[in-house]
Every structure is written in structure tokens, then in C-alpha cells.
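Student: Pasting a structure below so you can have a look.
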Ligand code: BGC
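Numbering (my numbering), first residue to last: -1 to 378.
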């Protein structure tokens, strides 16, 4: 009896120390899970939280593979959530602009909602004027993924989804796998792989909306951004690339040196007008096929820095121009115009209709492989 009491007290002490973050004040790194909500058919959806040894936390749900929160320290070590989103699943089930979601099968737009492949024409749902945006009406962002917790060197979450032949108009049974891992240098790594049993097109990305000052904390116009791109793909009035690769020299699209997002966002420029700000694909300067630096964003106030590295050829820089304050996010905060920016690593929009762009065709026997890293740090 005495022995039992003693053991339980020790266990209790251990549990309390663990919950408080560990004796040496080092957070318990790992992965935890809780129920996030319920789908209309009663299916339970989970929220997984990855924590690293620095105490950085990333929460992801298996509904749409959505990154729900990213909590990273500012220059004084104060943690803050730097992505837009909601507190519960129901808000994600209502109409919302892809906050944090996995996008597939095709990130960004396909012109006139159709493309030709091997002589056949594939018709897609037009959900953005005449075009098909982010995989159609029921894209990967609205699918329930199968989750598997990985407890290796770093906490990670594997999500898999089988997209059936013909889903949203795309050919081939496509098996997609996305692994989110959180490393101890405060980097969220996203590894995408996929295979198909018929020729198809594919362009996967993540649609996180960042505000390095903290979500709901004003606009992002004073953030400084560097984009490692010498050209971009100009768009028409429906945001479809014209096919041209235009040099950024002398345009509001030259971010090769850091400049504030707001400096030229309302410039008297046709491209800026089409996008209502920035909503453009940049052609990244790459060195080889491995991860290379695509962009760096700094918030002078909080000191938070976000670096984006990717294996992809393109980067969609979108400045939340369509947010208008009507969506209330975490804690009921309204998300106003330009209250976040997206850096969506990708192949170029409308590539299936632009033979001169890098190909997005995936064939049986091939494995689609892309990786992107969102790495957080602070500046003085
Ligand atoms: C697109 C924007 C769109 C936003 C939300 C971005 O990837 O480029 O035009 O409004 O996603 O759907």
C-alpha cells in the first residue's frame, strides 16, 4: 500500500513536471491529437499538434490537410500564431478562402476550365469566372485525408488521399501523400509525393496565409519581402498567365532586394490592377533540383522572419487582396484586406494549356516529388 502510494506520487510529480514543460524548461517535443469537429455525415475529424524542442507548435487537421496554426516566437521570445484560420472545424466547412489548406489536384487556375492531354479534352468545374481554381469545387482542401502520426527524429504527420479517376474532371486514380514535419530549427517541412494509373496533370501546394505580426494583427504592408525571382508570369484580366515570362527589372515585381510589401502594391500598373495588388506567379531563380531559397519575409515590429525554400519552379505571391473583413477568424477577429500574404510554391498557373511552361504531366510509373520548407527565425 505504502509502495503503491509512493509510486503514484512519483508518477504525479512526473506528470506535473511534464505538463509544465519539463524540468530543464525544455518543451516536450512530439505530436498530440484531439478531436477537432464532425463532418455532416458524423465522421470525426482530428487536430494534430506538432511541437519541437524550441516550443514551436504547428497544428494540422486531416480535413483538407489544413495548417490551422503556427505558433512561433518573436524577437523577445514571445510566442504568436502567425497564420489565419479558425478555432473550429465548422468554420472551415463554411465558405472560406483556402486558409492553410492543401491544394490539389491543381494549384491556382486552369484557363477556361479545360485542358488537352494526349489528344483528349478534359473539362473541369469553372469555379472562378470562366476558370477552374485550386482543383475545382471539391478540391483536396475539402477532402478528408487519412492521417498517421510519425514519431521519429522530428514529429511529423503523414496524410494520404486517393483521388479517384475523373474526380473534379481530372484523369487517373491519383494516390497523394503529404508529410508535414517540424524540425528543431523552427522549420515546417512539407514533402509531397504522388503516383497515378493514367496520364494526368498535377500541381500541389499549401495555401497558408501568413501575418508575421500575428494573425488578426493588422495588415502586412510593412513586412519586408525578398523574392528570389528575375521574372514573373504576367496575367490577363481573369488572372490567367498570358504565356510570357517578363523580366522584373523596373517593375513593381522586382523583389530581388528586400522592399516593403506596401511600397508598390497600388502602383499605376496594369498587372497590379489585374491582381488588385499582388496575385502573381514568380519564376524562381533556382540552383539545381534540391531545395533552394525562394523568398524571405521580415516583420520589422515583431522581428519574425519567414524563409521559404522549395524544389518548385514557381511561387504565387498573393497579398490577401480579396479579404474584406467579412470573415471572422480565431477569437472572432475580422480578417481585413491585405491582413496576410501567401507564398504558394507551385508549378506555373495554367501550365496544362501553356506548352512553353515546365510540364505538370504525371504518368504511370513516375513519382511526383516536391518539397517546401517554411522556416521561422528572428532578426534583431
Ligand atoms: C489565388 C487568388 C485567390 C486566392 C484564394 C490564390 O492562390 O491566386 O487569386 O483569390 O488564392 O482563393
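The beta carbon of each residue, even a glycine, is placed where N, CA and C say it ideally should be.
Predicted model only: the values in this text are computed from it and were never measured.
1) Between residue 95 and the ligand BGC, is the CB less than 6 Å from at least one heavy atom?
2) Examine the ligand BGC and report whether any of its heavy atoms sits within less than 6 Å of the Cβ of residue 136.
3) Relative to the alpha-carbon of residue 94, which residue among 278, 135 and 31 has its alpha-carbon at the smallest distance?
4) Measure the alpha-carbon distance for residue 391 versus residue 124 and round it to whole angstroms.
5) Would you give the residue range spanned by the beta strand (DSSP E) that residue 64 belongs to?
6) Got a sec: does the ligand BGC put a non-hydrogen atom nearer than 6 Å to the Cβ of residue 52?
7) Could you name the residues that DSSP lists as bridge partners for residue 174?
8) Can we say the region 75 to 88 touches the region 204 to 215, given the rule of at least three CB pairs closer than 8 Å?
9) Between the region 219 to 230 and the region 269 to 283, can you find at least three pairs of beta-carbon atoms closer than 8 Å?
10) Given a threshold of 16 other Cβ atoms within 10 Å of its Cβ, counted over all protein chains shown, does residue 297 qualify as buried or as exposed?
11) Rounded to whole angstroms, what is the Cα-Cα separation between residue 249 and residue 230?
12) Please classify residue 153: does DSSP put it in a helix, a strand, or coil?
13) Among residues of its own chain, excluding the 5 on either side of residue 367, which ones have a beta-carbon nearer than 6 Å to its beta-carbon?
14) DSSP beta-bridge partners for residue 315?
15) Give the DSSP-derived three-state secondary structure of residue 121 in the structure shown.
16) Does the ligand BGC have a heavy atom nearer than 6 Å to the CB of residue 346?
17) Closer than 6 Å by C-beta to residue 333: which residues in its own chain qualify, once you throw out the five before and the five after it? Chain order, please.
18) Taking a contact to mean a Cβ-Cβ separation below 7 Å, would you say residue 127 touches residue 202 in this structure?
19) Is residue 314 near the ligand BGC, judged by its Cβ being under 6 Å from some heavy atom?
20) May I ask you to report which of helix, strand or coil DSSP gives residue 349?
21) Taking only heavy atoms of the ligand BGC into account, decide whether any of them is closer than 6 Å to the Cβ of residue 320.
22) For a quick check, are the C-beta atoms of residue 360 and residue 200 less than 7 Å apart?
23) In whole angstroms, what separates the C-alpha of residue 194 from that of residue 74?
24) Classify residue 364 as buried or exposed, calling it buried when 16 or more other Cβ atoms lie within 10 Å of its own Cβ.
25) Consider the C-beta atom of residue 195 and the heavy atoms of the ligand BGC; say whether any pair is separated by less than 6 Å.
26) Using a Cβ-Cβ cut-off of 8 Å (strictly less than) and excluding sequence neighbours within five positions of residue 46, which residues of its own chain qualify?
27) Can you give the Cα-Cα distance for residue 323 and residue 220, rounded to whole angstroms?
28) Flag this pair as yes or no: are the beta carbons of residue 185 and residue 371 separated by less than 7 Å?
29) DSSP three-state label for residue 90, please.
30) Is it true that the CB of residue 114 sits closer than 7 Å to the CB of residue 214?
31) At a cut-off of 6 Å, is residue 277 close to the ligand BGC when judged by its beta-carbon and the heavy atoms of the ligand?
32) Taking the alpha carbon of residue 176 as the reference point, which residue from 373, 159 and 253 has its own alpha carbon closest?
Tutor: Let's see:
1) yes
2) no
3) 135
4) Lying outside -1 to 378, the shown extent of the chain, residue 391 is not represented and no answer is given.
5) First-last for residue 64: undefined, no H or E at that position.
6) no
7) 159 and 192
8) yes
9) yes
10) buried
11) 10 Å
12) strand
13) 191
14) 278 and 341
15) strand
16) no
17) 82, 321, 325 and 327
18) no
19) yes
20) helix
21) yes
22) yes
23) 47 Å
24) exposed
25) no
26) 29, 30, 31, 57, 58, 59, 60, 145, 147 and 155
27) 19 Å
28) yes
29) helix
30) no
31) yes
32) 159
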